[in-house]
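Below: one structure, written as structure tokens.
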Amino acid sequence: MDFPVTFHIFGKTILAHPLFEAAGIFTGMRYYFYLKRKSAEKMSFNTSAAVLIGATAGALIGSKLIGNLENPYALFENFSFKRFWTNNTIVGGLAFGLIGVEWAKKIVGHKESTGDLIVFPLILAIIIGRVGCFLTGIYEETYGIPTNSVFGMHLGDQYLRHPVALYEIAFLIVLWIVLKIIKEKNEFPSGFIFQLFMITYFSFRFMLDFIKPKVDLIAGFGTIQLVCIAVIFYYFFKLKSTKVVNSP
Numbered sequence: 185m186d187f188p189v190t191f192h193i194f195g196k197t198i199l200a201h202p203l204f205e206a207a208g209i210f211t212g213m214r215y216y217f218y219l220k221r222k223s224a225e226k227m228s229f230n231t232s233a234a235v236l237i238g239a240t241a242g243a244l245i246g247s248k249l250i251g252n253l254e255n256p257y258a259l260f261e262n263f264s265f266k267r268f269w270t271n272n273t274i275v276g277g278l279a280f281g282l283i284g285v286e287w288a289k290k291i292v293g294h295k296e297s298t299g300d301l302i303v304f305p306l307i308l309a310i311i312i313g314r315v316g317c318f319l320t321g322i323y324e325e326t327y328g329i330p331t332n333s334v335f336g337m338h339l340g341d342q343y344l345r346h347p348v349a350l351y352e353i354a355f356l357i358v359l360w361i362v363l364k365i366i367k368e369k370n371e372f373p374s375g376f377i378f379q380l381f382m383i384t385y386f387s388f389r390f391m392l393d394f395i396k397p398k399v400d401l402i403a404g405f406g407t408i409q410l411v412c413i414a415v416i417f418y419y420f421f422k423l424k425s426t427k428v429v430n431s432p
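Numbering follows the working numbering, with no gaps: position 131 of the sequence shown is 315.
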């Protein structure tokens, strides 16, 4: 396979990543609305709209802010609006999307968790997006460092690299199965599955970034890892106060 994989659409050459990212978002949203129609939990229109706006605004801001702060030196020394707009990371999107949802819920006075329903559509969207990351190879900053391990792959240069996008896809498939089993075998408070997803996914991303190119900021950690640490601590304390009862 030659990297990057491109598609020719209306006379233009387009990288696989933005196409798969868009397909992931579309498919994930369609799956979410499907689950929402089947769900017994109903939210008012005002609450649903507020949560959607808060999540979208937070995710948009966070994905670009954290994506650009992965290399703050490049951001401030040679600022480019095009570079700023095209740099994204799902870690920033999830973290700031959470903040946006919590603010929106406070505005409309909704106290119940709204996250469980989005977990599996979110996993699906990330998996599809990561296919695009893999197909783009080293031509966007979603690749691994050089390695001599059996998993090393040529992703567009002379080095064998960790195919971190494939690692993440495999992890998310396993996580989907595990969360499904937990959901079916236990009675849990609203929001528990989402909390479990967040702490597990951010723990995985924290570890994964050790085998990705990064700029060390504090104690050898990069920007994404620092965000992961903050989210892990936040959900660790939330999970500690959550009681799960085994189903008979």
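Each residue gets a CB set at the ideal place from its N, CA and C atoms; glycine is no exception.
Predicted, not measured: the structure shown is a model, and the values here were computed from it.
Measuring straight from C-alpha to C-alpha, what distance separates I365 and S374? Residue 365 sits at position 181 when you count from the first residue of the sequence shown. Residue 374 sits at position 190 when you count from the first residue of the sequence shown. Going from the Cα of I365 to the Cα of S374 covers about 16 Å.
Quick check for students: name the residue ranges of the alpha helix (DSSP H) that lie wholly in the segment 273 to 338, counting only runs of 4 or more. Residue ranges of uninterrupted alpha helix (DSSP H) with 4 or more members, entirely inside the segment 273 to 338 and ordered along the chain, are 274 to 292 and 303 to 320.
Taking 8 Å as the cut-off, does the segment 323 to 339 touch the segment 412 to 425 (at least 3 CB pairs, one atom from each stretch)? With a cut-off of 8 Å, the segment 323 to 339 and the segment 412 to 425 do not count as touching, because too few Cβ pairs lie within range.
Of the choices L356, P188, V235 and Y216, whose alpha-carbon is the least far from that of L203? On the sequence shown, position 19 is the one that residue 203 refers to. The candidate whose alpha carbon is nearest that of L203 is P188.
Between the segment 291 to 301 and the segment 258 to 266, are three or more C-beta pairs nearer than 8 Å? Contact between the segment 291 to 301 and the segment 258 to 266 is not established, with fewer than three Cβ pairs separated by less than 8 Å.
Which parts of the segment 215 to 258 are runs of the alpha helix (DSSP H), unbroken and 4 residues or longer, counting only runs that do not cross its ends? Counting whole runs of 4 or more residues, the segment 215 to 258 contains the alpha helix (DSSP H) stretches 229 to 253.
In the DSSP output, which residue or residues are listed as bridge partners for R345? Here residue 345 is taken as the residue at index 161 of the sequence shown, counted from 1. Beta-bridge pairing links R345 to P330 and M337.
Could you compute how far the alpha carbon of P432 sits from the alpha carbon of N370? Position 248 of the sequence shown, counting from 1, holds the residue named residue 432. Position 186 of the sequence shown, counting from 1, holds the residue named residue 370. Confidence at P432 is low in this model, with a pLDDT of 46, below 50, so the placement of that residue should be treated as unreliable; the coordinate-derived value is given next. For P432 and N370, the distance between alpha carbons rounds to 9 Å.
CA-to-CA distance, F388 to G328, given in whole angstroms: Residue numbering aside, residue 328 sits at position 144 when the sequence shown is read from its first letter. Residue numbering aside, residue 388 sits at position 204 when the sequence shown is read from its first letter. Straight-line spacing of the CA atoms in G328 and F388 works out to 15 Å.
For K398, name the three-state secondary structure that DSSP assigns. On the sequence shown, residue 398 is found 214 positions in, with the first residue counted as 1. Looking at K398 - three-state DSSP - the assignment turns out to be coil, as it is neither helix nor strand.
As a quick exercise: from I353, A243, D400 and T384, pick the residue whose alpha carbon is nearest that of I310. The sequence position of residue 310 within the sequence shown is 126, counting from 1. Just measuring C-alpha positions, the residue of I353, A243, D400 and T384 sitting nearest I310 is I353.
Look up F372 in the DSSP assignment and say whether it is helix, strand or coil. If you number the sequence shown from 1, residue 372 lands on position 188. DSSP, reduced to helix, strand and coil, places F372 outside both helices and strands of the structure shown, so it counts as coil.
Closest Cα partner of D300 within the set I377, G251 and K367: Translated into the one-based positions of the sequence shown, residue 300 becomes position 116. For D300, the nearest C-alpha among the options comes from I377.
DSSP three-state assignment for F421, whether helix, strand or coil: Here residue 421 corresponds to residue number 237 of the sequence shown, with the count starting at 1. Reduced to three states, the DSSP call for F421 is helix.
When DSSP labels each residue in this structure, what does F388 get in the three-state scheme? Residue mapping note: residue 388 aligns to position 204 of the sequence shown, counting from 1. Looking at F388 - three-state DSSP - the assignment turns out to be helix.
Contact the segment 242 to 254 vs the segment 266 to 284: 3+ CB pairs below 8 Å: Taking 8 Å as the limit for Cβ pairs, the verdict is that the segment 266 to 284 does touch the segment 242 to 254.
What number of angstroms, rounded off, separates the C-alpha of T240 from the C-alpha of H338? Walking along the sequence shown from the start, residue 240 turns up at place 56. Walking along the sequence shown from the start, residue 338 turns up at place 154. Spanning the alpha carbons of T240 and H338 requires a straight line of approximately 35 Å.
Going by beta-carbon coordinates alone, are A200 and T190 separated by less than 8 Å? Here the question's residue 200 lines up with position 16 in the sequence shown. Here the question's residue 190 lines up with position 6 in the sequence shown. Yes; because the gap between Cβ atoms is below 8 Å, this pair is in contact.
So what does DSSP say about F268, is it helix, strand or coil? As a position in the sequence shown, residue 268 is number 84, starting the count at 1. Helix.
Skipping 5 residues on each side, what residues in its chain have a beta carbon closer than 6 Å to that of K422? Your numbering for residue 422 matches position 238 in the sequence shown. Excluding residues within five positions, the ones whose Cβ falls inside 6 Å are Q379.
Exposure of G281, with buried meaning 16 or more beta-carbon neighbours within 10 Å: Translated into the one-based positions of the sequence shown, residue 281 becomes position 97. That one is buried.
Specify the secondary structure class of F405 as computed by DSSP and reduced to three states. Translated into positions along the sequence shown, residue 405 becomes position 221. Strand, per DSSP.
Specify the secondary structure class of F194 as computed by DSSP and reduced to three states. As a working note, residue 194 is residue 10 in the sequence shown. F194: coil per DSSP, three-state reduction.
Helix, strand or coil for I416? Go by DSSP, reduced to three states. Working through the sequence shown from its first residue, we reach residue 416 at position 232. Helix.
Quick one: is D393 buried, meaning 16 or more other Cβ sit within 10 Å of its Cβ, or exposed? Taking the first residue of the sequence shown as position 1, residue 393 is located at position 209. With 16 or more Cβ atoms within 10 Å of its Cβ, D393 is classed as buried.
Quick test of your reading: K398 and E225, contact by CB under 8 Å. State the CB separation rounded to the nearest angstrom. Locating residue 398 in the sequence shown gives position 214, where the first residue counts as 1. Locating residue 225 in the sequence shown gives position 41, where the first residue counts as 1. For a cut-off of 8 Å, the C-beta gap from K398 to E225 is around 40 Å, too long to register as a contact.
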